[in-house]
Amino acid sequence: MTLHPFDAAGEFDRQVRTLIDRDHHRAAGLGEEEFAALLAPLRPAALEHATTSPGEGRAPFVLVLTREVVPVEEAIARTTLHGKKKPGVIDRNYADDDIVKFVPTKEVELPDARAYLLHGIERGEEFCGAVPNDAMDAIAARGRTLLTIEEGIALVTQFPAVLAKNKCFSLGGSRCGDRRVPAIWISQNAPKLGWCWAGNPHTWLGMASATGRTH
Numbered sequence: 001m002t003l004h005p006f007d008a009a010g011e012f013d014r015q016v017r018t019l020i021d022r023d024h025h026r027a028a029g030l031g032e033e034e035f036a037a038l039l040a041p042l043r044p045a046a047l048e049h050a051t052t053s054p055g056e057g058r059a060p061f062v063l064v065l066t067r068e069v070v071p072v073e074e075a076i077a078r079t080t081l082h083g084k085k086k087p088g089v090i091d092r093n094y095a096d097d098d099i100v101k102f103v104p105t106k107e108v109e110l111p112d113a114r115a116y117l118l119h120g121i122e123r124g125e126e127f128c129g130a131v132p133n134d135a136m137d138a139i140a141a142r143g144r145t146l147l148t149i150e151e152g153i154a155l156v157t158q159f160p161a162v163l164a165k166n167k168c169f170s171l172g173g174s175r176c177g178d179r180r181v182p183a184i185w186i187s188q189n190a191p192k193l194g195w196c197w198a199g200n201p202h203t204w205l206g207m208a209s210a211t212g213r214t215h
C-alpha cells in the first residue's frame, strides 16, 4: 500500500469545491452536480500521484479544465492573489484573437480534451533570470513537461500563494508559432496572464513544469 504524506482525498475534494465556489461550473454551463461528476473520475489518479505534500512553489497535483469547458478569459478572471480579492486579467498586449492561437505544443499530450490531472508541479523559480529558451531545454532534459496556459491558471486558482513577488512563471507548454512565451505574473495586486519573448530573461520570471498528466 502506498502511504501519502497528506490527505490526498481531502485535497481533491477541496479543489473541486474551490472550482465550484469560484463559479467555474457556471462558466462551463453546468450544474454543480454535473460539474462534480465531470471531475470525479480523476480522484483515483489524484490519490496515486500525490507523493508529496504542497509546499512553497510546488503542488502534488491540480485539477485542470481546458478551454473547451471554461474559456481562458473566464478562468483567469476567477483567480486572485493569496489574501487578495482583485480578479486576474489578460494583458492588453494580447490582441483580440491571440489567446486562441496559443495551443499546447507538439511535446504536450493532453490526456483529455475537457478535464484532467496535472501532477508533480513546480513553479520553477530556479529559472528566474534565465533565458526562457534555455530554461525550456533544461526542463525537457529532465524529462519534465512545460505547463500550458490553462494549467498555469489552474495552479494559481488552487494555490494562489504560488504566485509571489519575484517568483512568477512562464508557461512554455502553450505556444502560437512565434517567439512569444505565455507567463503569469503579478500586476496591480492581481494575477496577469501575459507573454514574454523566448530569448529575453527576466529576474522575476521562472519556468513552470510538471511530472506529467493523467486522466
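Residue numbering for the sequence shown follows UniProt numbering, beginning at 1 and increasing consecutively.
Here a beta-carbon is modelled for each residue, glycine too, at the ideal position from N, C-alpha and C.
The model shown is predicted, which means the values in this text are computed figures rather than measured ones.
| Check | Outcome |
| --- | --- |
| Coarse secondary structure for Thr80, derived from DSSP in three states | coil |
| Local conformation of Met207 per DSSP, three classes | strand |
| Which listed residue (Gln188, Leu163, Asn133 and Ala75) has its alpha carbon closest to that of Trp197 | Asn133 |
| Leu19 vs Ala190 beta-carbon contact at 8 Å | no |
| Backbone CA spacing between Gly212 and Thr145 [nearest angstrom] | 6 Å |
| Residues that DSSP places opposite Ser53 in a beta bridge | Beta-bridge pairing links Ser53 to no other residue. |
| Reference Val70, options Glu109, Arg114 and Pro104, closest by Cα | Arg114 |
| Backbone secondary structure at Arg17 - three-state DSSP | helix |
| Cβ-based neighbour list, Arg14, same chain, cut-off 7 Å, excluding 5 preceding and 5 following | none |
| Status (buried if at least 16 other CB within 10 Å, exposed otherwise) for Met1 | Bear in mind that the predicted position of Met1 carries a pLDDT of just 38, short of 50, making it unreliable; the figure below should be weighed with that in mind. Met1 comes out exposed. |
| Sheet register partners of Pro191 (DSSP bridge) | Ile186 |
| Backbone secondary structure at His25 - three-state DSSP | helix |
| The ligand GTP heavy atom lying under 7 Å from the CB of Arg175 | As presented, the structure is devoid of all ligands, the ligand GTP included, so that no description of it is given. |
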